[in-house]
Amino acid sequence: MPEETIKKVPYQKPESRLNLEAGSLSLDQVNLLLKHLPLDVTFVDEEDTVRYYSETSDRIFPRSRAVIGRKVQDCHPRDSVHVVNRILDALRRGEKDKAEFWLELGERFIHIRYFAVRDAESRYRGCLEVSQDLTGLRRLEGERRLLDWI
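Residue numbering for the sequence shown is 496 to 645, as defined by my numbering.
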């Protein structure tokens, strides 16, 4: 009986892919995409529990990983919790689909939006908070077209 040579091949972890409605991405690509968005996102589930926030290098409102798994109400100053609850209740009940705020923070102009996240059956699945520094965008004038880029 001939001897068979067994070749040792290093283990490669299979790449997990997330199949989406319009394509698929590896989990690494999803993480990179979220880290490179020019805005900050935080997701709070239907039970008001913080499940995710984007870790960008220039986050407007810094977050600690300790907020993951906590009730969103416990992440806000006590005197504003009633407003947080009103927003979440209005989104949850379908009275509103979004809440929008803006403020000046030093020299920066900050835009904050809260969106109801609903599934295909229109059930409330959580709230997406999106914060963006619009300071530079507010200063834009005229136009700069794709072909003008150098």
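Cβ atoms here follow ideal geometry from the backbone N, Cα and C, with glycine treated the same way.
Three-way DSSP call (helix, strand, coil) for residue i in this model
i, result
"L600", "strand"
"T630", "helix"
"K503", "coil"
"L635", "coil"
"D643", "helix"
"D523", "helix"
"R560", "helix"
"L528", "helix"
Beta carbon of residue i nearer than 9 Å to that of residue j
i, j, result
"S626", "V536", "yes"
"A611", "D592", "yes"
"F538", "E616", "no"
"T544", "L532", "no"
"R634", "D540", "no"
"E510", "D523", "yes"
Own chain residues within Cβ distance below 6 Å of residue i, not counting five before or after
i, result
"R558", "Y548"
Residue of the options minimising C-alpha distance to residue i
i, options, result
"R554", "D614, R603, K503, R573", "R603"
"R546", "I563, S552, C570", "I563"
"H606", "E616, A594, S552", "A594"
"R588", "H531, W597, C622, L629", "C622"
Going along the chain, which unbroken runs of the beta strand (DSSP E) with 3 or more residues stay wholly within the stretch 569-625?
593-600, 603-613
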